[in-house]
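If you're matching them up, the sequences are chains A and B in order. Just so we're aligned, residue 17 is where the first sequence starts under our numbering, counting upward by one. Just so we're aligned, residue 17 is where the second sequence starts under our numbering, counting upward by one.
Protein chains: 2
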Amino acid sequence: MYVLIVEDDLRLADAVAQILRNNDYQVDVVHDGADGLAYAETGNYDAVVLDVMLPKMNGFDVVAELRRRKVATPVLMLTARDALGDKVGGLDSGADDYMTKPFAPAELMARLRSLTRRQGEVLFETAEYGDVKLDLDSCDLICGEKSIHLGYKEFSIAKILMANPGRVVSKETLIEKVWGYDSEVEDNNVEAYISFLRKKFDFVGSKVKITTLRKVGYRLDEGE
Amino acid sequence: MYVLIVEDDLRLADAVAQILRNNDYQVDVVHDGADGLAYAETGNYDAVVLDVMLPKMNGFDVVAELRRRKVATPVLMLTARDALGDKVGGLDSGADDYMTKPFAPAELMARLRSLTRRQGEVLFETAEYGDVKLDLDSCDLICGEKSIHLGYKEFSIAKILMANPGRVVSKETLIEKVWGYDSEVEDNNVEAYISFLRKKFDFVGSKVKITTLRKVGYRLDEGE
DNA sequence: GGGTTTTAAGCTTTGTTTCAGGTTCGCTGG
DNA sequence: CCAGCGAACCTGAAACAAAGCTTAAAACCC
Numbered sequence: 017m018y019v020l021i022v023e024d025d026l027r028l029a030d031a032v033a034q035i036l037r038n039n040d041y042q043v044d045v046v047h048d049g050a051d052g053l054a055y056a057e058t059g060n061y062d063a064v065v066l067d068v069m070l071p072k073m074n075g076f077d078v079v080a081e082l083r084r085r086k087v088a089t090p091v092l093m094l095t096a097r098d099a100l101g102d103k104v105g106g107l108d109s110g111a112d113d114y115m116t117k118p119f120a121p122a123e124l125m126a127r128l129r130s131l132t133r134r135q136g137e138v139l140f141e142t143a144e145y146g147d148v149k150l151d152l153d154s155c156d157l158i159c160g161e162k163s164i165h166l167g168y169k170e171f172s173i174a175k176i177l178m179a180n181p182g183r184v185v186s187k188e189t190l191i192e193k194v195w196g197y198d199s200e201v202e203d204n205n206v207e208a209y210i211s212f213l214r215k216k217f218d219f220v221g222s223k224v225k226i227t228t229l230r231k232v233g234y235r236l237d238e239g240e
Numbered sequence: 017m018y019v020l021i022v023e024d025d026l027r028l029a030d031a032v033a034q035i036l037r038n039n040d041y042q043v044d045v046v047h048d049g050a051d052g053l054a055y056a057e058t059g060n061y062d063a064v065v066l067d068v069m070l071p072k073m074n075g076f077d078v079v080a081e082l083r084r085r086k087v088a089t090p091v092l093m094l095t096a097r098d099a100l101g102d103k104v105g106g107l108d109s110g111a112d113d114y115m116t117k118p119f120a121p122a123e124l125m126a127r128l129r130s131l132t133r134r135q136g137e138v139l140f141e142t143a144e145y146g147d148v149k150l151d152l153d154s155c156d157l158i159c160g161e162k163s164i165h166l167g168y169k170e171f172s173i174a175k176i177l178m179a180n181p182g183r184v185v186s187k188e189t190l191i192e193k194v195w196g197y198d199s200e201v202e203d204n205n206v207e208a209y210i211s212f213l214r215k216k217f218d219f220v221g222s223k224v225k226i227t228t229l230r231k232v233g234y235r236l237d238e239g240e
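As structure tokens, this is what we get:
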């Protein structure tokens, strides 16, 4: 697997490269938009990690130009946390996914994996993490041959966890997103659902675990 | 930190105010756009949380007018769930970030933090000192390959020490910041935690030491 | 009536506090 | 200068408190 990193912040570029190398990717790094375009254009990469703010040519323009030249390599866009407009712009200009800085290594890997696998698949039909899939139409949890139906609440929680791969999601977040911000639901309710979910993850034989971080929240982890 | 909340839904306004107060912000609340503009215009706030739908003057107009009058206070816009147009409108009119209702307290805090934080501060959500890192999401203490989970109190203390690299932090400061200014906690409690922490620093094989300054406090030191 | 959601209760695990005995440090008076 | 003393500090064990887990049963909702 070959990945191109286009990032002018040397420290970050290095960090990202390191993460990828640790996961058996081959990595090339360049530091400005013009170089990024030139390298990516070769089509030799399985994915490109592309910062938005770059010297010489910004990320949007790089993707746009790539697409204009019929290079279909998947692009993962990096953007500053609070640059909301970037999301729209990024996806419009032809990026395949986007991620806000800061991010967890696990998230980077999850997204890259999904990018390099997804090629041509329909976006958003299923959510994936590790060895499990979530069928967003039928609300089924799938792992290999086995699958099991999830109730609506179970499903919502699973979806939120999977939308935050490798990140901690607080009980509060779950309550507010699943029940609404003015609901009277108790924490114990969430705990009950987490318990249900763990049982079902287990049932389908998944290695994915929901780990608890006391006083903080829950996080999905691939069991090695 | 001073924050102005402009929100006509009294219940929500209250909820938001409460969240912020719990996080050591000073909060003022007003309930319509005209007041919002008048208060924000003073420039006395570090951030403004601004609803879109407001009596007398809507949120967009408030921001636009603020910016026209050269008030640069960061504005976090609140908007109903899928009013997509709001997003564009909000950012166009000069808001710095926007968030859909409902939202989690944690999300509100994260966004506010990112708005009020100076540019160029830590990219990853970690604190670092010497050879150790502190994952601020998962409360893990990391050194090289090894990592260990910290309890909430341990974590808070570690964070404070690392926020004051090479400086002495008194027990009183620690008690006040970790347990609250009116707590009845004894010094020995802090000592116990310092002991726990030293053990964990040791466990991950860090060279960083917590040195004691008798009658004064504690300080982090990189072991040569 | 069957599946889903909520509630409640007892239980397990983990984090927190307290306590007691031991150690170190710095001061003081001989 | 140094022995001895007390205050400050360290740390392990135990008691305690809180957070989370699980399960069963009740309530809910087509």
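Where is the CB? At the ideal position from N, CA and C, for every residue including glycine.
Can you name the residues of chain A whose CB is closer than 8 Å to the CB of residue 154 of chain B? Within the second sequence, numbered from 1, the residue matching residue 154 of chain B stands at position 138. Those are 184, 229, 232, 235, listed as they occur along chain A.
If you follow the beta strand (DSSP E) that residue 63 of chain B is part of, which residue opens it and which one closes it? For this step, residue 63 of chain B is matched to residue 47 along the second sequence. Segment 63 to 67, the beta strand (DSSP E) holding residue 63 of chain B.
Residue nearest to residue 74 of chain B in terms of C-alpha spacing, selected from B:94, B:63, B:60: Indexing the second sequence from 1 puts residue 74 of chain B at position 58. Of the candidates B:94, B:63, B:60, the one whose C-alpha sits nearest the C-alpha of residue 74 of chain B is B:94.
Could you tell me if residue 203 of chain B is buried or exposed, where buried requires 16 or more neighbouring beta carbons within 10 angstroms of its beta carbon? Walking along the second sequence from the start, residue 203 of chain B turns up at place 187. Classification of residue 203 of chain B: exposed, given that the 10 Å Cβ count is below 16.
Quick one: list the residues of chain A neighbouring residue 41 of chain B, beta-carbon separation under 9 Å, in chain order. In the second sequence, the residue the question calls residue 41 of chain B occupies position 25. What residue 41 of chain B touches in chain A: nothing, since even the nearest Cβ is about 18 Å away.
Could you tell me whether the segment 223 to 235 of chain B touches the segment 181 to 197 of chain B, using the rule of 3 or more Cβ pairs below 8 Å? yes
Nearest to residue 216 of chain B by alpha carbon, out of B:200, B:174, B:182? Numbered from its first residue, the second sequence carries residue 216 of chain B at position 200. Among B:200, B:174, B:182, the Cα nearest to that of residue 216 of chain B belongs to B:174.
So with Cβ pairs under 8 Å, would you call residue 18 of chain B a contact of chain A? For the purposes of this step, residue 18 of chain B is taken as residue 2 along the second sequence, with counting starting at 1. No - not a single Cβ of chain A is within 8 Å of the one on residue 18 of chain B.
Under 8 Å, Cβ to Cβ, is there at least one residue of chain A near residue 168 of chain B? Taking the first residue of the second sequence as position 1, residue 168 of chain B is located at position 152. Yes, residue 168 of chain B counts as interfacial toward chain A.
Starting from the Cα of residue 169 of chain B, find the closest Cα among B:31, B:218, B:210 and give me that residue. Reading the second sequence from its first residue, position 153 is the one you call residue 169 of chain B. Here the closest residue by C-alpha is B:210.
Residue 127 of chain B classed as buried or exposed, judged by whether at least 16 other C-beta atoms fall within 10 angstroms: For the purposes of this step, residue 127 of chain B is identified with residue 111 of the second sequence, where counting begins at 1. It is buried - the Cβ of residue 127 of chain B has at least 16 other Cβ atoms within 10 Å.
If you draw a straight line from the alpha carbon of residue 195 of chain A to that of residue 172 of chain A, how long is it in whole angstroms? Within the first sequence, the letter at position 179 stands for residue 195 of chain A. Within the first sequence, the letter at position 156 stands for residue 172 of chain A. If I take the Cα positions, the gap works out to 10 Å.
Boundaries (first-last residue) of the alpha helix (DSSP H) holding residue 194 of chain A: The count along the first sequence starts at 1 and reaches residue 194 of chain A at position 178. Looking at the DSSP string, the run of the alpha helix (DSSP H) that includes residue 194 of chain A is 187 to 194.
Rounded to the nearest angstrom, how far is the Cβ of residue 67 of chain A from that of residue 22 of chain A, given a contact under 8 Å? Numbered from its first residue, the first sequence carries residue 67 of chain A at position 51. Numbered from its first residue, the first sequence carries residue 22 of chain A at position 6. Contact holds; Cβ gap of about 6 Å.
Using the beta-carbon count (16 or more within 10 Å), is residue 192 of chain A buried or exposed? Locating residue 192 of chain A in the first sequence gives position 176, counting from the first residue. Buried, because 16 or more other Cβ atoms sit within 10 Å of the Cβ of residue 192 of chain A.
Output needed for residue 44 of chain A: all residues of its chain with C-beta closer than 6 Å, excluding positions within five of it in sequence on either side, in chain order. Position 28 of the first sequence, counted from the start, is the residue given in the question as residue 44 of chain A. Correct list, in chain order: 20.
Give the DSSP bridge partners of residue 225 of chain B, in chain order. Taking the first residue of the second sequence as 1, we reach residue 225 of chain B at position 209. Partner(s): B:237.
On the DSSP bridge list, what partners appear for residue 165 of chain B? In the second sequence, residue 165 of chain B corresponds to position 149, counting from 1. The partner list for residue 165 of chain B (beta bridge, DSSP) reads B:156.
Short CB-CB distance (under 8 Å) between residue 102 of chain B and chain A: By 1-based counting over the second sequence, the position of residue 102 of chain B is 86. For residue 102 of chain B, the pLDDT reaches just 46, beneath the cut-off of 50, and the residue's location in the model is therefore unreliable, although a value from the coordinates is still provided. So no, residue 102 of chain B is outside the interface.
Between which two residues does the beta strand (DSSP E) carrying residue 45 of chain A extend? Taking the first residue of the first sequence as 1, we reach residue 45 of chain A at position 29. Residue 45 of chain A -> beta strand (DSSP E) spans 42 to 46.
With a threshold of 8 Å between beta carbons, is residue 105 of chain A in contact with chain B? For this step, residue 105 of chain A is matched to residue 89 along the first sequence. Because residue 105 of chain A sits at a pLDDT of 49, beneath the cut-off of 50, its placement in the model cannot be relied upon, and the following sentence gives the value as read from the coordinates. For residue 105 of chain A, the answer is no, since every Cβ of chain B falls outside 8 Å of its Cβ.
With DSSP collapsed to three states, give me the class of residue 125 of chain A. Start at 1 with the first residue of the first sequence, and residue 125 of chain A comes out as number 109. Helix at residue 125 of chain A.
Can you tell me the Cβ-Cβ gap for residue 115 of chain A and residue 145 of chain A, rounded? I've got them flagged as a contact below 8 Å. Residue numbering aside, residue 115 of chain A sits at position 99 when the first sequence is read from its first letter. Residue numbering aside, residue 145 of chain A sits at position 129 when the first sequence is read from its first letter. Not confirmed; about 15 Å, so no contact.
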